[in-house]
Amino acid sequence: MKTATRTGLFCATALAAGLAVSAASALDKVTVAYFLEWPTANQVAQIEETYDEAMGVDVEWRAFGNGNEMTQAMVSGDVQIAYSQGFVPFVVGVTNGAPLKLVGVAVTYAENDLCVVRDDSGITKENAKELEGKKVATPFGNVTHYKLLRTLEHLDVDVNKVDLVQMNPADAAVALVRGDVVMGCAFGGAIDRMKTVGSPLMTGAEQEAIGINTFDIVTVTESFAAEHPDLVRGFMEVTEAANIAYKADPDARIPTIAKAAGMDEDATRAMLGNFGFPSAEAQLGPNWLGGGIQDMTAGVAKVMKENGGLETVLDDYSGFVDDSFLK
326 MKTATRTGLF CATALAAGLA VSAASALDKV TVAYFLEWPT ANQVAQIEET
376 YDEAMGVDVE WRAFGNGNEM TQAMVSGDVQ IAYSQGFVPF VVGVTNGAPL
426 KLVGVAVTYA ENDLCVVRDD SGITKENAKE LEGKKVATPF GNVTHYKLLR
476 TLEHLDVDVN KVDLVQMNPA DAAVALVRGD VVMGCAFGGA IDRMKTVGSP
526 LMTGAEQEAI GINTFDIVTV TESFAAEHPD LVRGFMEVTE AANIAYKADP
576 DARIPTIAKA AGMDEDATRA MLGNFGFPSA EAQLGPNWLG GGIQDMTAGV
626 AKVMKENGGL ETVLDDYSGF VDDSFLK
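In the numbering used here, the protein residues as written are 326 to 652.
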């Protein structure tokens, strides 16, 4: 299976291998930042060293604890590519002067970042204005908060009339279960606890349909993109091929992905069940690098500034998004 998988990936990435020859001669190693316990489809190519062979360089995968650490390592020159970097750390980084480029979407996980309303409140998306005057728990200054504001706006709820209470996900889950708040917004495991007493105000799929996305990204340093564009393109093409192979037969790839992620297979399968890996074609569309991400970057920056996470925002973020490596 390993040989067959690798052969399939090389068919899709032969162009990248050819294009990278000249760039590879000037570079011996590329370091890619990633997260452990965060399984992604491309980790088959990571384990099987498909990236190394297609790009013509040694690819070192270095685990980090959070997206801000990734930014710091890229600014220092230790890392050239960050895979599945958080969107908010990227926005904060470029606003503060980090020379980064967003070149793709790594993974979407809309169903893992939701607002859950108590079932006994009788509130749904159809009568969401009833949230006005009631307490809603949410973390402040992050994507969860930004998504809440966008959702309320879409449902014609006056956010100024909603009593927003700062709570981290675990605390928000406790407050919702206890009945201290009518709705809690969170990500990760806290959502499962919230669902014992409530239901999502809008599902992740419904949010994505109106352009409210939850995702991690692929970023590169500006200098790496400028000096080695063929390597960036090769990386993205291998990733695309790995995503296609995973979608064709997820179960066959779970063991390899679990190994790379440092997780057991059951946990890997469960987490991947809530993940999506957009195709290059989809990423070029209006909800992603075709305009949606640029708009969301500005929106997230505004939310961060309003809540003390940034001192200022930039007039234009479009220059930090480069879709050319997906074409």
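Backbone N, C-alpha and C define an ideal beta-carbon position, used for all residues, glycine too.
Simplified DSSP assignment, three categories, for S409
strand
- Query: So what does DSSP say about T476, is it helix, strand or coil?
  - Reply: helix
(Q) Can you tell me whether G601 is helix, strand or coil according to DSSP? (A) strand
Limits of the unbroken alpha helix (DSSP H) element including E394:
392-401
**OP:** Taking the CB atoms as reference points, tell me whether L639 and T396 lie closer together than 7 Å.
**Re:** no
### Query
In whole angstroms, what separates the C-alpha of T637 from that of I579?
43 Å
If you compare alpha carbons, which of G610, L651, A583, F645 is closest to L361?
Put simply, of G610, L651, A583, F645 the residue whose alpha carbon is nearest the alpha carbon of L361 is A583.
Under 7 Å between the Cβ atoms of Q405 and A585? No, they are not a contact pair.
Worksheet item: Is the beta carbon of Y471 sitting closer than 7 Å to the one on V628?
Response: yes
For D488 and A358, I'd like the C-alpha separation in whole angstroms. 39 Å
Notebook entry, point to check: What separation, rounded to the nearest whole angstrom, lies between the Cα atoms of G458 and D438?
Noted result: 24 Å
Practice problem: Please check the pair G617 and N538, which I expect to be a contact at CB under 8 Å, by giving their CB distance rounded to whole angstroms. | Solution: For G617 against N538, the beta-carbon gap comes to about 7 Å, under 8 Å, which counts as contact.
Notebook entry, point to check: Sorted by chain position, which residues of the same chain lie with C-beta nearer than 6 Å to F389's C-beta, five sequence neighbours on each side aside?
Noted result: A358, M395
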